[in-house]
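Participant: Residue numbers (the working numbering): -7 to 371.
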Amino acid sequence: MSDSPRAIPFLDLKAQQARIAADLRRRIDTVLEHCQFILGPEVRELEAELAKFCGAKHCVSVSSGTDALQIALMAEDIGRGDAVFLPAFTYTATAEVPLLLGATPVFVDVDPRTFQIDIAHLTQRIEATRQAGKLKPRAIIGVDLFGQPADWPALTDIARCNHLFLLDDLAQSFGSSLHGRPVGSQADATATSFFPSKPLGAYGDGGALFTESEEKADLYRSLRTHGEGKTRYEVLRTGMNGRLDSIQAAILLSKLAVFPEELQARERIARTYDQRLGNAVTTPQRVPDSTSAWAIYAILLKDEAARDRIQAALRADGVPTAIYYPRPLHRQPAYSAQHDGSALPVSDDLATRILALPIHPDLTEEDVARICASVLAAV
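#1: Since Lys208 and Ala67 should fall inside the 8 angstroms C-beta cutoff, what is the C-beta to C-beta distance between them, to a whole number of angstroms?
#2: Let me check one thing: in DSSP terms, what residues is Leu61 bridge-paired to?
#3: Determine the burial state of Thr106: buried for a count of at least 16 other Cβ atoms within 10 Å of its Cβ, exposed for fewer.
#4: Do Asp197 and Ser55 have their CB atoms nearer than 8 angstroms?
#5: Any idea what DSSP makes of Thr115, helix, strand or coil?
#6: Report all residues from its chain with a CB closer than 6 angstroms to the CB of Thr203; omit the five preceding and five following residues, and keep chain order.
#7: Output yes or no for whether 8 angstroms exceeds the beta carbon distance between Tyr317 and Phe81.
#8: Can you check DSSP and say which residues form a bridge with Gly134?
#9: Taking the alpha carbon of Gln277 as the point to measure from, which residue in Asp266, Ala183, His26 has its own alpha carbon closest?
#10: Going by C-alpha distance, which of Ser328, Leu78, Ile30, Gly47 is nearest Leu170?
#11: To the nearest angstrom, how far is the alpha carbon of Tyr327 from that of Leu321?
#12: Could you spell out where the alpha helix (DSSP H) holding Asp15 opens and where it closes?
#13: Between Ala200 and Ser53, is the Cβ-Cβ spacing less than 8 angstroms?
#14: At 3 residues or longer, what runs of the beta strand (DSSP E) sit wholly inside the region 289 to 325?
#15: Which residues bound the beta strand (DSSP E) around Val54?
#16: Indicate whether Leu156 and Ala183 have their beta-carbon atoms separated by less than 8 angstroms.
#17: Is Asp149 closer than 8 angstroms to Ala179 when the C-beta atoms are compared?
#18: With burial defined as no fewer than 16 other Cβ atoms inside 10 Å of the residue's Cβ, what is the status of Asp101: buried or exposed?
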């Protein structure tokens, strides 16, 4: 027998599936019985439950978080000549969508401790873009990174003062709250993702849009279904194929039933990391008066060499880690032609020092203790 330690899963979908197996099978079997595989009754049920969960008036499910972002910007006719402001330290989809529509992403630096978009730098970037005169400021995409909410009151003020559309990229943070309110209705529109690794994840791609406007909800439904009108073959506008399938909706309904308990488990693990690791590494700073969905728990290390050494030591101990993100968006080849060359020092620095630890509701107390012990020994 091997004496090597058991590998701890970075994400354990099998354990979660075992906990909800009976309800999951029941719901999937129901879809197989009625055979309404696209936009079936489960989709409508899910939309109602998601809207209720995050306190929004309307929810429109779509086929991915990326499609949710695209539909929201398409509904605002954002395209060529328009500037869309977004953080440089996030996943590529946030910048990819404006480019697909012909708009230009304008990268903004982030806070060095919470990793959320830097409000002061955003204001500077909007004014500099307006003064340059080459692009028209049109939208802000705020990202609730790693599970915590961005500063939505401040972002709302900036958007209103500058007459900009405000879009919330909630992909990593569905289930978070700010100032006592669930995140989901703070912006003009909110887009989220149900990619399997997300706190609330499907078993394939999926996403949703939230809005307080019935008119916009109707427009989103049209755009997700090829721009159709009141009937299938009435085409009112150029749309896309962005529908959620019924089996994914059924899976999400089953997962949503245990989601509040899972959020509590993630919070317990995050607090344990804070307490045990806070004197050895830089742990995430909490956004004031908020709760986090803790999609990712990321620590900061001294430098890139220290990160490489510690990551290797943890790997040898059977403790998985990940780097979100090894290169900020303004350094990616796909966006180099669009970036205006402005310095984004915080995003550059974070990419060299950040390291994500496992955080999911099926980590045992023994797992968490072992992870903490491995980090402390490696540091």
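All C-beta atoms in this analysis are idealised placements derived from N, C-alpha and C, irrespective of residue type, glycine included.
Facilitator: Concretely, from the data shown:
#1: Between Ala67 and Lys208 the Cβ distance is about 6 angstroms, and since that is below 8 angstroms, they are a contact.
#2: Leu61 pairs with nothing; no bridge assigned.
#3: Classification for Thr106: buried.
#4: In contact: Asp197 and Ser55 (Cβ atoms closer than 8 angstroms).
#5: Here Thr115 sits in helix by DSSP.
#6: Excluding sequence positions up to five before and after Thr203, its CB lies within less than 6 angstroms of the CB of His50, Ala181, Ala209, all in the same chain and listed in chain order.
#7: Result yes, Cβ atoms of Tyr317 and Phe81 sit closer than 8 angstroms.
#8: The partner list for Gly134 (beta bridge, DSSP) reads Asp160.
#9: If we check each option's Cα against that of Gln277, Asp266 comes out closest.
#10: The shortest Cα separation from Leu170 among Ser328, Leu78, Ile30, Gly47 belongs to Gly47.
#11: Distance between the alpha carbons of Tyr327 and Leu321: 7 angstroms.
#12: Asp15 -> alpha helix (DSSP H) spans 13 to 26.
#13: Against a cut-off of 8 angstroms, the Cβ pair of Ser53 and Ala200 comes out as a contact.
#14: If only complete runs of 3 or more residues are kept, the region 289 to 325 shows the beta strand (DSSP E) at 289 to 292, in order along the chain.
#15: Run containing Val54: 50 to 54, per the beta strand (DSSP E) assignment.
#16: Result no, Cβ atoms of Leu156 and Ala183 do not sit closer than 8 angstroms.
#17: Contact: no.
#18: Burial call: buried.
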